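In the working numbering, the protein residues as written are 9 to 104.
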């Protein structure tokens, strides 16, 4: 079964509140079997206008990634994130 990936580009507008979000999201990622593959603001951007922090999290499957995303724990964290950042977020199934 192919892995599932959550990919996000986050533009933080309030660093203090974002730290609260991160403190809520990290335990949920772990609980739902997520593994952070990449995270940081230093992505080499060769095309497009997006800026911000890029994050890629691997899950056992796309369904597992969606279970995490729609979980009560992550939705609570997401409510905080929405007050302190602008985010583009996608969930995609791996190629293999």
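Just so it is clear, CB atoms sit at the ideal spot from N, CA and C, and this is done for glycine as well. What you are looking at is a predicted structure, and each value in this text was computed from that prediction instead of being measured.
Residue from the options with nearest C-alpha to residue i
{"i": "residue 50", "options": "63, 88, 42", "result": "63"}
{"i": "residue 98", "options": "19, 77, 59", "result": "77"}
{"i": "residue 47", "options": "103, 18, 88", "result": "18"}
{"i": "residue 33", "options": "65, 70, 100, 54", "result": "65"}
Secondary structure of residue i, DSSP reduced to three states
{"i": "residue 76", "result": "helix"}
{"i": "residue 81", "result": "helix"}
{"i": "residue 31", "result": "helix"}
{"i": "residue 24", "result": "helix"}
Residues that residue i bridges to, as DSSP identifies them
{"i": "residue 52", "result": "In the DSSP output, where bridge partners are listed per residue, residue 52 has none listed."}
{"i": "residue 19", "result": "94"}
{"i": "residue 63", "result": "16, 47"}
Own chain residues within Cβ distance below 7 Å of residue i, not counting five before or after
{"i": "residue 104", "result": "10"}
{"i": "residue 75", "result": "40"}
Sequence-distant residues of its chain with Cβ nearer than 6 Å to residue i (five each side left out)
{"i": "residue 5", "result": "Here the chain comprises residues numbered 9 to 104, so residue 5 is not present and cannot be evaluated."}
{"i": "residue 81", "result": "36"}
{"i": "residue 58", "result": "17"}
*When the Cβ atoms of the region 16-27 are set against those of the region 83-97, are three or more pairs found closer than 8 Å?*
yes
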